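Participant: Before I ask anything, let me first share the structure, which is written out below as structure tokens.
Numbering (my numbering), first residue to last: 3 to 137.
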């Protein structure tokens, strides 16, 4: 049973947590590792290096959009490929993120969280609501 009184706040909490995570990862790519450094890392794990630029942009702007509540369901759906790509980097490392080079459970959990956001809705205090998928 879904509690219709608290569900919008649960979606808001989830949206905020995803926003903070995306902002943290995107801004780390920009300011700590730098975009050229991130591009080198992407190339070292088999992705085209140039993909670092749109991925960092997607994480930063996607995080801001989620935080502000600008089309959150659509943004969460659009960020799923970024999360799927991130998880593939960790599959060979095993389950635990404490393993060398990190395991796959954290990025796969984030896929689940973003998918829940897509299915659950925008949440309370969204500035621009996403279109409804079905009535």
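From the three backbone atoms N, C-alpha and C, an ideal C-beta is built for every residue, glycine too. A quick note: this is a predicted structure, and the numbers were derived from the prediction, not measured.
1) Are the beta-carbon atoms belonging to residue 60 and residue 32 less than 9 Å from one another?
2) Would you call the CB atoms of residue 109 and residue 70 closer than 9 Å?
3) From the DSSP output, read off the bridge partner residues of residue 130.
4) Are three or more beta carbon pairs between the region 113 to 124 and the region 14 to 21 nearer than 8 Å?
5) What residue from 10, 79, 6 and 48 has the CA that sits closest to residue 2's CA?
6) Give the straight-line distance between the Cα atoms of residue 28 and residue 131, rounded to the nearest whole angstrom.
7) Does the distance from the C-beta atom of residue 112 to that of residue 80 stay below 9 Å?
8) Which residue comes first and which comes last in the alpha helix (DSSP H) that contains residue 39?
9) If I follow the unbroken alpha helix (DSSP H) through residue 113, where does it start and stop?
10) Roughly how many angstroms lie between the CA atoms of residue 51 and residue 14, to the nearest whole one?
11) Determine the DSSP secondary structure at residue 65, reduced to helix, strand or coil.
12) Short of 6 Å in beta carbon distance, which residues of its chain neighbour residue 73, apart from the five on each side in sequence? Order them along the chain.
13) Of the residues 93, 121, 8 and 41, which one's Cα is nearest the Cα of residue 2?
Facilitator: A quick look at the data gives this:
1) With respect to residue 32, residue 60 sits apart: the two C-beta atoms are not nearer than 9 Å.
2) No, Cβ-Cβ distance for residue 109 and residue 70 is not below 9 Å.
3) Within the DSSP bridge table, the entry for residue 130 names 72 as partners.
4) In the pairwise beta carbon analysis, the region 113 to 124 is classified as touching the region 14 to 21: at least three pairs are separated by under 8 Å.
5) The question about residue 2 has no answer here: the residues shown for the chain are numbered 3 through 137.
6) C-alpha of residue 28 to C-alpha of residue 131: approximately 24 Å in a straight line.
7) For residue 112 and residue 80, no; Cβs fall outside 9 Å.
8) Here the alpha helix (DSSP H) through residue 39 covers 37 to 46.
9) Looking at the DSSP string, the run of the alpha helix (DSSP H) that includes residue 113 is 107 to 122.
10) A straight-line Cα-Cα distance of about 34 Å links residue 51 and residue 14.
11) It is helical.
12) So the qualifying residues of the chain are 130 and 132.
13) No answer is possible for residue 2: it lies beyond the span of the chain, which begins at 3 and ends at 137.
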